[in-house]
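Quick mapping for you: the protein sequence lines, in order, are chains A and B.
Position 10, counted from 1, in the first sequence is what the working numbering calls 10; the numbers after and before it change by one each time, with no gaps.
Positions in the second sequence are counted from 1; adding 406 to them yields the working numbering.
For glycine and all other residues, C-beta sits at the position ideal for the given N, C-alpha and C.
These notes are about the structure you will find just below.
Number of protein chains: 2
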Amino acid sequence: MVTTPHIESETPGPLEGVRVLDLTSMISGPVATMMLADQGAEVIKVEPPEGELVRHMGRNVGGLTSVFLSANRSKRSIGLDLKNPAAVDVLKRLIPTADVFVQNFRPGAIDRMGLGESVVRNLNASVIYVSISGFGETGPYAHKRVYDPVIQALSGLADIQMDAASGRPQMIRTIIPDKTTSVTAAQAITAALFHRERTGEGQHVKLAMLDTMVAYLWPEGMARYTFADRPPEPMKGEASPDLIYLTQDGYITAGAISDKEWQGMCRALDRPQWIDDERFRTANARIVHGKLRREMTAEVLLTRTSAEWLERLDHEEVPSAPVLGRHEVIDHPQIHANEMIVEDVHPVAGPIRQARPAARFDRTPARIRGPAPELGADTMVLLGELGCSAAEIEELVASGAVVAKE
Amino acid sequence: MVTTPHIESETPGPLEGVRVLDLTSMISGPVATMMLADQGAEVIKVEPPEGELVRHMGRNVGGLTSVFLSANRSKRSIGLDLKNPAAVDVLKRLIPTADVFVQNFRPGAIDRMGLGESVVRNLNASVIYVSISGFGETGPYAHKRVYDPVIQALSGLADIQMDAASGRPQMIRTIIPDKTTSVTAAQAITAALFHRERTGEGQHVKLAMLDTMVAYLWPEGMARYTFADRPPEPMKGEASPDLIYLTQDGYITAGAISDKEWQGMCRALDRPQWIDDERFRTANARIVHGKLRREMTAEVLLTRTSAEWLERLDHEEVPSAPVLGRHEVIDHPQIHANEMIVEDVHPVAGPIRQARPAARFDRTPARIRGPAPELGADTMVLLGELGCSAAEIEELVASGAVVAKE
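Pasting the structure below:
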């Protein structure tokens, strides 16, 4: 484990000098802007007086929940009551200083708040205005509330996970649509920044969670529907067992696609006679007899420990791994080698673990640039930067238009 | 459905003018570069003489498989036998023309091919050199072969999907690690392009599938392990049933988090007495009694059709949706409204469906710029651009160093 990597290096990240005004809440927006913040963008999180929703969901230490800590690090925070015109005025004074303006309210809401694209663009002609939605701006679902499972249901993801025996669709137990939207939004914002850097032109970038998932699942999840010369027919759940095998003392995964890998697997399993078995001799035959092959494999793997099998499989260069519990991920030797988990002491929440940004830039490292902020931690500094007088600030705080950490 | 959107508009994408030399195969690399290609980058897919692996996996029409079509559209293709020094020489003449060089061979392999970073950078000082790996460059797994399920096992994803009753971890039936790596790589490459545009500096960007998944799962999948003041303990599978409910005629999802949503749900379900039930009156109480609440909800939902329930739930503004089969996704009214599925006629494979790029840029639209190429479709043109003489080209083709489509 690595401690406080953000003080190890002061090299700027690839997005150094970019300022993002972030009005998003929950996951899809905040994780997107966190990626940008880790890459050096200055992200100003604009929060309502009560703090955004995720500050209130789950166990918290000093008012900071684990999800908030992991979706909002490296950011600054300003508390603004956008129902109060004085707070809207503060935001409008911040807008000309920003490169990117991001919001994920339901379609139409931001216009009713008086912060639609035309208003923002009048204040900052070249801003990149980003709207993240659940379903898109028009259509029968556009007005609806969204949670991650709704997108799992509509996008076909729950259908893909269908239980073969019962035919019941199943949810994935982690919020794939939310987080895939985050990464996709971060990419789109970055592409718009690149275009603006070349041409000076800002634009409106729109991204729907539903669209994100359809595009994301398409290449293989929808492979059956790629050829359009026949009507789309329903697919059953995967009849074949998945690649998780029980050993004497735990679970492992192992899979062989090429002939070479399959031959290695037969040797590792002490079943050399399977190599010349007609049912498994070619890649195609192994697909045709996949269910049988996996059942036969499972029977053999029950007879030794995970460590024994993994050593044998690795020796034969068969792709394989233990199925780790989440608690084991943190201390796995490969995770250590990658310095993937970072321990740090949050000034309020105490010792915390974070996963570092995944992509490594050798000249402009992405890194955790600071802890997730307390609500309004940067309000005073930001108002000062805008040239607000002490009397003005006092009035803003007293009226409740802004919230500042003491 | 929308037909041939790539001829509707000739507006440049946000990455117009960027040239990518793409040596990747399978999914993680190709889907990443396809995102860049849809956004206007010129992606040159460098393929071995037999074509990359995905050309040979699954049903094909005219030599084009569905996965290949959906992971390689908008690209050009050159066939190069990189075991042949004459082909390596061709690639080295292409390198100075590129902005980005991407490869996803196992660590060390690209150096043995004579195309490691220092070689490439000698030919093009400011190139962005991208290495996508399974596990990272060092550590006990670095040398191993990787498939998507191996990363699902090691990253905790299979643990998250654990079956609560049996305690057996489960795989997700779609290649989440591969595709999340694609989107993450596309974002990192775009950030490196932005930095280079500002400073002229290229760099080496490295991304491991394992790191991608740990970072991606972290915010809520690993929430329990964020606070580092206690040793990591194993987590059981989710005890609570998931949010999929059987109705009289199918499956729907519905969920209420806020008080307002819960009250709406009670009304939609004709169970107004649940509103004042102490077990469900606060958000926290509803979490504590989550299992019971879902079981009671399931019992009620069995009594009417999906359409009836969805209308009632929507009327009360409760987030809800039908659980669509993949074949239904294609024709769902919201997918139509979003113009998400594009039908086109591939010159070789015939009529095909694609999902358009998810993010919408109003000034520089991302769009499908052309069909997935046949192997070596652009070899002749690219050799011509490099100034190769007719005799030289003939020799390259005759020796098998390059493969060109007739």
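Glu448/B has Arg425/B as its beta-bridge partners, per DSSP. Going by C-alpha positions, Val467/B is about 20 Å away from Val809/B. Taking CB atoms only, Thr703/B has no neighbour in chain A less than 9 Å away. Contact between the region 135-149 of chain A and the region 735-745 of chain B is present: 3 or more CB-CB pairs across the two stretches fall below 8 Å.
The criterion of a C-beta distance shorter than 9 Å is satisfied by Val748/B and Ala761/B. Distances from the alpha-carbon of Ala591/B to those of Pro779/B, Val506/B, Tyr553/B and Ala796/B put Val506/B closest. Across the region 764-780 of chain B, CB contacts with chain A closer than 9 Å involve Ala764, Ala765, Arg766, Phe767, Asp768, Arg769, Thr770 and Ala772, in sequence order along the chain. Within chain A, the residues whose beta carbon sits less than 7 Å from that of Ser561/B are Val329, listed in sequence order.
Contact annotation: in the region 66-92 of chain A, residues whose CB is within less than 8 Å of a CB in chain B are Ser66, Val67, Leu69, Ser70 and Ala71.
In this structure, the straight-line span from the alpha carbon of Gly156/A to that of Met222/A is close to 9 Å. Separation of Ile78/A and Glu385/A (C-alpha to C-alpha, rounded to the nearest whole angstrom) is 13 Å. About 5 Å separates the CB atoms of Ala443/B and Lys481/B; that is less than 8 Å, so the two are in contact. The region 158-178 of chain A and the region 661-681 of chain B do not touch, with fewer than 3 CB-CB distances between them shorter than 8 Å. In this model, Glu812/B and Met786/B are separated by some 9 Å (Cα to Cα).
If you draw a straight line from the Cα of Pro725/B to the Cα of Leu521/B, it is about 52 Å long.
The contact set of Pro14/A on chain B, defined by CB atoms closer than 7 Å, consists of Ala597, Ala598, Phe600 and His601 in chain order. Residues of the region 45-57 of chain A with a C-beta less than 7 Å from any C-beta of chain B: none at all. Secondary structure of Gly264/A (DSSP, three-state): helix. Between Arg699/B and the set Thr709/B, Ala515/B, Glu734/B and Glu684/B, the nearest pair of CA atoms involves Glu684/B. Within chain A, no residue has its beta carbon less than 9 Å from that of Phe511/B; the closest one is some 15 Å off.
Asn104/A and Ile132/A do touch by the CB rule: their CB atoms are close to 4 Å apart, below 8 Å. Taking the Cα positions, Leu23/A is about 32 Å away from Ile736/B. Taken in chain order, the unbroken stretches of alpha helix (DSSP H) that lie wholly in the region 297-347 of chain A and span 4 residues or more are 306-315, 326-329 and 333-337. Contact between the region 194-212 of chain A and the region 606-620 of chain B is absent: fewer than 3 CB-CB pairs across the two stretches fall below 8 Å. Residue contact with chain A for Pro739/B: present (Cβ-Cβ distance below 9 Å to some residue of chain A).
When the Cα atoms are used, Leu649/B and Gly661/B turn out to be separated by approximately 7 Å. Counting only Cβ-Cβ distances below 9 Å, His610/B has contacts in chain A at Arg360, Phe361, Asp362 and Arg363, in chain order.
Taking the Cα of Ala477/B as reference, the smallest distance to any Cα among Gly514/B, Pro739/B, Pro763/B and Thr503/B is reached at Pro763/B. For Pro757/B, the beta-bridge partners assigned by DSSP are Val751/B. The C-alpha of Val803/B is placed about 10 Å away from the C-alpha of Ala492/B.
For Gln509/B, the enclosing beta strand (DSSP E) starts and ends at Val506 to Gln509.
Look at the beta carbons and you see the region 11-27 of chain A touching the region 41-48 of chain A: at least three pairs across the two are nearer than 8 Å. Residue environment analysis places Ala597/B among the buried positions, since at least 16 neighbouring C-beta atoms fall within 10 angstroms of its C-beta.
Within 8 Å of the CB of Trp218/A, the CB atoms of chain B belong to Ser476, Gln760 and Ala761, in sequence order along the chain.
Look at His462/B here: in three-state DSSP terms it is helix. Annotation: Thr711/B to Asp249/A spans about 46 Å, alpha carbon to alpha carbon.
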